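First to last, the protein sequences are chains Z and W. Counting from 51, one number per residue, gives the positions in the first sequence under our numbering. Counting from 249, one number per residue, gives the positions in the second sequence under our numbering. Glycine included, each C-beta is placed from N, C-alpha and C at the ideal position. Quick caveat: nothing in here was measured; it's all calculated off a predicted structure.
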Amino acid sequence: EAEVAQSPRYKITEKSQAVAFWCDPISGHATLYWYRQILGQGPELLVQFQDESVVDDSQLPKDRFSAERLKGVDSTLKIQPAELGDSAMYLCASSPGRVGTGELFFGEGSRLTVL
Amino acid sequence: GNSVTQMEGPVTLSEEAFLTINCTYTATGYPSLFWYVQYPGEGLQLLLKATKADDKGSNKGFEATYRKETTSFHLEKGSVQVSDSAVYFCALLIQGAQKLVFGQGTRLTINP
Chain Z
51 EAEVAQSPRY
61 KITEKSQAVA
71 FWCDPISGHA
81 TLYWYRQILG
91 QGPELLVQFQ
101 DESVVDDSQL
111 PKDRFSAERL
121 KGVDSTLKIQ
131 PAELGDSAMY
141 LCASSPGRVG
151 TGELFFGEGS
161 RLTVL
Chain W
249 GNSVTQMEGP
259 VTLSEEAFLT
269 INCTYTATGY
279 PSLFWYVQYP
289 GEGLQLLLKA
299 TKADDKGSNK
309 GFEATYRKET
319 TSFHLEKGSV
329 QVSDSAVYFC
339 ALLIQGAQKL
349 VFGQGTRLTI
359 NP
């Protein structure tokens, strides 16, 4: 069964350092999402791609976060510099269509701890 | 704004008990509603959905009915199993938008 792949699963870093997360969606899925999930809370959308284009990054802290999906396939989320409040689970999800159906396929997530 | 409120957890039940996890929403327009589940060590996965008022979503013995009059989408199961232990998230999708808005999640533990 096809899955969304994310790496690394766990990352510990010190504040002010740079961090990067990688996501490979299910093959053929046009839409890719990055969500942030703080412990005890629900996921919050950071950025959404349609193919290689950003369609929603309204909640992405653009002073320190960046995301790209250069060839419309895999994607990278970067944080520079990391702050203590960035400690969270970063979830990648994909969906096959270009029209929102709400049916997302999630990866296992990348857990970030900032010391 | 658009938001989802779930019942506070954690919820602990014995095997074969009846389960209800409450979910209410605030939305403009007519959202689609979802329940996602996250089993230990796994990613979130879609459990069930309903796209219009009075629709009932069902899967794996779980059910939820879209109640427009009470803006609710409560999750129910008649007889829970230990394997149902997980975190459950209620979510909504606004028509014309493409992003899900999640509730805060409810952790469910089923004891044998």
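Between the stretch 84-97 of chain Z and the stretch 58-70 of chain Z, do at least 3 Cβ pairs fall closer than 8 Å?
no
Between G305 (chain W) and chain Z, is any beta-carbon pair separated by less than 8 Å?
So, not an interface residue.
Counting only Cβ-Cβ distances shorter than 9 Å, please list the residues of the stretch 81-108 of chain Z near chain W, keeping chain order.
The residues in question are T81, Y83, Y85, Q87, G90, Q91, G92, P93, E94, L95, Q98, Q100, V105, D106.
Can C271 (chain W) and F350 (chain W) be called in contact, C-beta distance under 8 Å?
no
Should E256 (chain W) be labelled buried (16 or more other beta-carbon atoms within 10 Å of its own) or exposed?
exposed
Mapping DSSP to helix, strand and coil, what is L172 (chain Z)?
In the structure as shown, chain Z starts at 51 and stops at 165, and residue 172 (chain Z) therefore has no counterpart that could be examined.
Against chain Z, with Cβ distances strictly below 8 Å, would E311 (chain W) count as a contact?
no
Rounded to whole angstroms, what's the CA-CA distance from S144 (chain Z) to V54 (chain Z)? Just pull it up for me.
Distance between the alpha carbons of S144 (chain Z) and V54 (chain Z) is about 7 Å.
Starting from the C-beta of E158 (chain Z), find all residues in its chain whose C-beta is less than 7 Å away, skip the five residues before and the five after it, and write them out in chain order.
Q56, R59
Since F115 (chain Z) meets chain W, which of its residues come closer than 9 Å, beta carbon to beta carbon?
Result: empty, since nearest Cβ-Cβ is about 17 Å, beyond 9 Å.
What residues in its chain sit with their C-beta under 7 Å from that of Q130 (chain Z), if we drop five residues either side in the sequence?
Once the five neighbours on either side are set aside, the close Cβ partners of Q130 (chain Z) are A68, R114.
Looking at the strands, I want to know which residues DSSP matches up with D74 (chain Z).
Paired residues: Z:A55.
Measuring alpha carbon to alpha carbon, tell me which of Z:G135, Z:P111, Z:H79 ends up nearest E102 (chain Z).
Z:H79
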